[in-house]
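Chains Y and B supply the protein sequences, listed in that same order. Count the first sequence with my numbering and you get residues 801 to 909, in order. Count the second sequence with my numbering and you get residues 801 to 909, in order.
2 protein chains.
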Amino acid sequence: MGLTRTEIFTEEQNLLASLFKAMAHPARIAILQRIILSNTCICGDLVGELGLAQATISQHLKELKSAGLIQGTIEGVSVCYCIDPKVWKLLENRLGEFLGSYKGTTECC
Amino acid sequence: MGLTRTEIFTEEQNLLASLFKAMAHPARIAILQRIILSNTCICGDLVGELGLAQATISQHLKELKSAGLIQGTIEGVSVCYCIDPKVWKLLENRLGEFLGSYKGTTECC
DNA sequence: TAATTATATCGCAATATTACGATTGTTATT
DNA sequence: AATAACAATCGTAATATTGCGATATAATTA
């Protein structure tokens, strides 16, 4: 109990859910927005800008990274993060497909 | 501790995160897909089709409903669920805007 | 009215998430 | 080599999520 039964769902359903999950927190949305804004990467700026502790930011970055949404490369003392274009495109495609599959034509119940 | 600090984020960030959260589970993706497929609504069919207990399905439906993604109307003994077109459109717009704000032009770090 | 059918809700156990202080690495500077 | 700066990890507490059996509620049918 208390454990998501991924085995009973399709690859597609699990993939979409995991991508959504990675973005299902305002801090992670904020981080993504910040990275997108200054296309060139960032790092510990986030700690000052969002009002969260360094450990917390680092944890959120880790989740975004393990979902594949962002990449991190060591840049001297700090770490530079940026969007992974490939995964972002995949996200756009899958999401567009999913959302677009609903045509709000006929009125329902 | 252990509580998301929504007060430090923008309306937009919290909204996006909550919509993502509502879809951040394979069962809820499956439910949405199923509703979209047979545009006309459904109900307890889900219990037979997904391999989850009735109480669990009901709980997931509740979450989708409280996120505003679906509507439920009583239809005799059973309940008929369907997509809420307004919220779905809003979702498409906000999400498209968010995802589209990244232009994978220059290579980063 | 009683029985049936379909859903929702309650209560619980297992697991996951969120947040943070403290500590541990890493690299750069002195 | 010692120090400083930055980020990752550890450990922990508080809270949330997931799943299900059992029970409650609501509407139909016998």
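Even glycine gets a Cβ: it sits at the ideal position worked out from N, Cα and C.
- Task: Kindly say whether Lys-821 of chain Y, judged by its beta-carbon, lies nearer than 8 Å to any beta-carbon of chain B.
- Result: yes
- Message: Below 7 Å on C-beta distance, what does Gln-813 of chain Y contact in chain B?
- Response: Pro-826, Ile-829, Ala-830
- Query: List, in order along the chain, the chain Y residues whose C-beta lies closer than 9 Å to that of Ala-853 of chain B?
  - Reply: Per Cβ cutoff of 9 Å: no residues; Ala-853 of chain B is ~11 Å from chain Y at best.
- What separation, rounded to the nearest whole angstrom, lies between the Cα atoms of Ile-842 of chain Y and Tyr-881 of chain Y? 6 Å
- Task: Measure from the alpha carbon of Ala-855 of chain Y to the alpha carbon of each residue in Y:Trp-888, Y:Ala-827, Y:Met-823, then state which is nearest.
- Result: Y:Ala-827
- Opening and closing residue of the beta strand (DSSP E) in which Ser-808 of chain Y lies: It is Ile, not Ser, that sits at residue 808 of chain Y in the sequence shown. Run containing Ile-808 of chain Y: none; DSSP gives neither H nor E here.
- Closer than 7 Å by beta-carbon distance: list the chain Y residues that pair up with Glu-892 of chain B, in chain order. Leu-899
- Message: Does Gly-851 of chain B come out as helix, strand or coil in the three-state DSSP assignment?
- Response: coil
- Would Leu-846 of chain B be called buried (16 or more neighbouring beta carbons within 10 Å of its own) or exposed? buried
- Taking buried to mean at least 16 other C-beta atoms within 10 Å of its own C-beta, is Ala-830 of chain Y buried or exposed? buried
- Using a Cβ cut-off of 7 Å, which residues of the stretch 867-878 of chain Y contact any Cβ in chain B, in chain order? Thr-873, Glu-875
- Task: Could you tell me which chain B residues have their CB closer than 7 Å to the CB of Leu-861 of chain Y, listed as they occur along the chain?
- Result: What Leu-861 of chain Y touches in chain B: nothing, since even the nearest Cβ is about 14 Å away.
- Message: Considering only their Cβ atoms, is the gap separating Thr-873 of chain B from Cys-909 of chain Y smaller than 8 Å?
- Response: yes
- Query: Where does Ser-901 of chain B sit, in a helix, a strand or coil, going by DSSP?
  - Reply: coil
- Cβ contact (3+ pairs, closer than 8 Å) linking the stretch 816-823 of chain Y and the stretch 853-868 of chain Y: yes
- Message: Looking at chain Y, is there any beta carbon in it that lies within less than 8 Å of the beta carbon of Ile-857 of chain B?
- Response: no
- Message: If we define contact as Cβ-Cβ less than 8 Å, is Gly-844 of chain B a contact residue for chain Y?
- Response: no
- Under a Cβ-count criterion, where at least 16 other Cβ atoms within 10 Å of its own Cβ denotes burial, should Leu-837 of chain B be classed as buried or exposed? exposed
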